[in-house]
Amino acid sequence: MSSFIVLFQSPFWVGIAQRWGEEGYQAAKITFGAQPTDTQIYQWVLKEWHRLVFSKLSEEESPVLERKQKRLQREARKAIQVRGIGTKAQAALALQREDRGLARREKKHLERQEEDRRKFLLRQQKKREKKRGR
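Residue numbers (UniProt numbering): 1 to 134.
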């Protein structure tokens with residue numbers, strides 16, 4: 001099951017895609033910029049949905065779509081207050097951002113090491129050539 005929500009997060013319009021399955025919950029975020037029309041959103045979903053990069057699977061249950069009783073509403077409100085600020089989608093997106101940051105940091109670290117190694121070998125080669133009198 002999937003849902004797509006469009007909301008305004010100053011200064012841009014943002015779409016949050018959510019999907020639930022037997023495996024768990026996932027979310028993805030897309031920035032639109034200017035306010036999209038319903039037609040533009042529909043066209044975007046038809047053409048670009050498959051390109052979304054969803055967050056890692058979360059083990060949370062899928063949301064209940066039927067009307068909740070007052071007791072269930074109170075329990076949900078209490079659970080949200082204990083968990084902190086944000087929705088499941090925001091938490092999943094934050095986790096995804098963190099994973100991307102870690103991957104980017106690791107990649108940069110490896111690139112830096114490789115560059116340092118290349119410079120070292122170049123210095124060694126120049127040193128050998130200088131010693132040989134070239």
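Glycine residues also receive a C-beta, built at the ideal position from the N, C-alpha and C atoms.
Residues of its chain near residue i, where Cβ-Cβ distance is below 7 Å and the 5 sequence neighbours each way are ignored
| i | result |
| --- | --- |
| PHE4 | GLY15, ALA17 and VAL45 |
Residue of the options minimising C-alpha distance to residue i
| i | options | result |
| --- | --- | --- |
| PHE12 | MET1, ARG19 and PRO36 | PRO36 |
| GLU23 | ASP116, SER55 and ARG112 | SER55 |
| ARG19 | SER10, PHE8, VAL6 and MET1 | MET1 |
| ILE41 | ALA103, GLY101 and LEU7 | LEU7 |
Cut-off 8 Å between Cβ atoms - residues of its own chain near residue i, not counting five sequence neighbours on either side
| i | result |
| --- | --- |
| LYS47 | none |
| residue 148 | Residue 148 is absent from the structure shown; the chain starts at 1 and stops at 134. |
Same chain, Cβ closer than 6 Å to residue i, five either side skipped, listed in chain order
| i | result |
| --- | --- |
| ALA89 | ILE16, GLN18 and ALA27 |
| ARG112 | none |
| LYS68 | Per-residue confidence for LYS68 stands at a pLDDT of 49, beneath the threshold of 50, marking its modelled position as unreliable; the derived number appears in the next sentence. Here the set comprises nothing. |
Any chain C beta carbon closer than 9 Å to residue i
| i | result |
| --- | --- |
| GLN125 | Annotation note: the requested chain C is absent from the structure, which comprises a single protein chain. |
For this session: Indicate whether the contact test is met: 3 or more Cβ pairs, each with one atom in the stretch 86-106 and one in the stretch 19-34, closer than 8 Å.
Result: yes
Exercise. Should the stretch 31-51 be regarded as contacting the stretch 95-108, the criterion being three or more beta carbon pairs within less than 8 Å?
Worked result: no
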